[in-house]
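In what follows, a single structure is set out as structure tokens and then discussed.
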């Protein structure tokens with residue numbers, strides 16, 4: 092086996108290990124090999140072998156025949172979320188809960204993380220939209236309402252980075268043409284709202300508004316999502332705007348008190 096063959100094999104193992112780690116919905120969840128195999132699509136034998144490697148490295152822990160994320164993951168996740176203000180979720184949560192009570196649709200809080208959206212909080216009920224999102228997970232910025240509203244308020248350098256990157260097409264509605272996306276971001280900035288009309292998932296519509304600081308910089312965004320068959324984003328726009336404005340005021344006050 093050549094050096095390049097070894098590198099390719101190692102890359103495959105690392106990729107599968109990350110696939111296994113994505114099987115957990117939250118840090119305290121315990122899962123068996125069969126459930127992890129079902130969630131990730133990896134064979135049980137492969138899952139079992141990778142779990143053994145991850146356990147030896149302290150990335151996962153075994154508990155009564157099941158596995159949970161280990162202490163090393165906690166350290167890594169702390170680094171990844173270091174750019175998120177510690178008070179963001181605490182301050183925003185009451186407004187997210189109010190929006191859920193008013194709409195009974197899926198509510199997200201997110202921040203921009205490179206060309207992705209980091210999901211900080213998610214509230215949903217029995218009528219939740221079929222969105223593949225989880226707290227701590229990443230969503231594509233160019234196709235989501237959260238992402239587009241945050242990109243629209245971002246510096247031009249950030250916008251150029253995504254407009255010059257290869258944009259993934261998730262549905263026939265996804266905007267992948269740089270000029271179209273640039274025009275869309277201009278419209279979003281003008282109206283202070285962004286829409287996802289089946290661009291990430293064909294059966295989901297979404298609308299998002301930014302949470303801005305005293306300087307007008309968007310530090311996070313709130314969105315409302317629902318099934319395309321019955322959810323009309325325009326019907327909840329004013330409620331979303333009010334919640335975003337109120338949360339922005341409190342966040343600015345909180346920021347000033349800890350500065």
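In the numbering used here, the protein residues as written are 92 to 350. Every residue gets a Cβ at the ideal spot worked out from N, C-alpha and C, and that includes glycine. Remember, it's a predicted structure, so these values are computed and weren't measured experimentally.
- The three-state reading of DSSP puts residue 238 in helix, counting H, G and I together.
- The continuous stretches of beta strand (DSSP E) do not include residue 147, which lies in the alpha helix (DSSP H) extending over residues 135-147.
- Residue 199: not part of any alpha helix (DSSP H); member of the beta strand (DSSP E) spanning 197-204, first to last residue.
- One thing to note: residue 153 has its Cβ within 7 Å of the Cβ of residue 146.
- The DSSP-derived three-state label of residue 252 is helix.
- C-alpha of residue 229 to C-alpha of residue 210: approximately 6 Å in a straight line.
- Of 187, 114 and 294, the smallest CA-CA separation from residue 159 is found for 114.
- Residue 314 sits away from residue 295, with the two beta carbons spaced by 7 Å or more.
- For residue 295, the secondary structure class from DSSP, reduced to helix, strand or coil, is strand.
- Contact between residue 199 and residue 237 holds: their C-beta atoms lie close to 6 Å from each other, under 8 Å.
- Exposure of residue 134 is indicated by the presence of fewer than 16 other C-beta atoms within 10 angstroms of its C-beta.
- In terms of Cβ geometry, residue 303 and residue 344 do not form a close pair [threshold 7 Å].
- Excluding five sequence positions before and after residue 239, the CB atoms of its chain that fall closer than 6 Å to its own CB belong to 279 and 285, given in chain order.
- Under the three-state reduction of DSSP output, residue 103 falls in the helix class.
- The region 250-258 and the region 268-276 touch, with three or more beta-carbon pairs separated by less than 8 Å.
- Rounded to whole angstroms, the separation of the alpha carbons of residue 212 and residue 241 is 16 Å.
- Here residue 215 is near residue 197, since their CB atoms are less than 7 Å apart.
- In terms of Cβ geometry, residue 208 and residue 235 form a close pair [threshold 7 Å].
- Taking a 10 Å sphere around the C-beta of residue 201, we find 16 or more other C-beta atoms and assign the residue as buried.
- The continuous stretches of alpha helix (DSSP H) do not include residue 312, which lies in the beta strand (DSSP E) extending over residues 309-318.
- In this model, residue 103 and residue 325 are separated by some 45 Å (Cα to Cα).
- A direct Cα-to-Cα measurement between residue 282 and residue 243 gives close to 10 Å.
- Excluding the 5 residues flanking it on each side, residue 275 has same chain C-beta neighbours closer than 7 Å at 239 and 266, in chain order.
- At a Cβ-Cβ threshold of 7 Å, residue 190 and residue 334 count as neighbours.
- Taking a 10 Å sphere around the C-beta of residue 301, we find 16 or more other C-beta atoms and assign the residue as buried.
- Going by C-alpha positions, residue 233 is about 35 Å away from residue 123.
- Ranking 259, 247 and 217 by CA distance to the CA of residue 231 puts 259 first.
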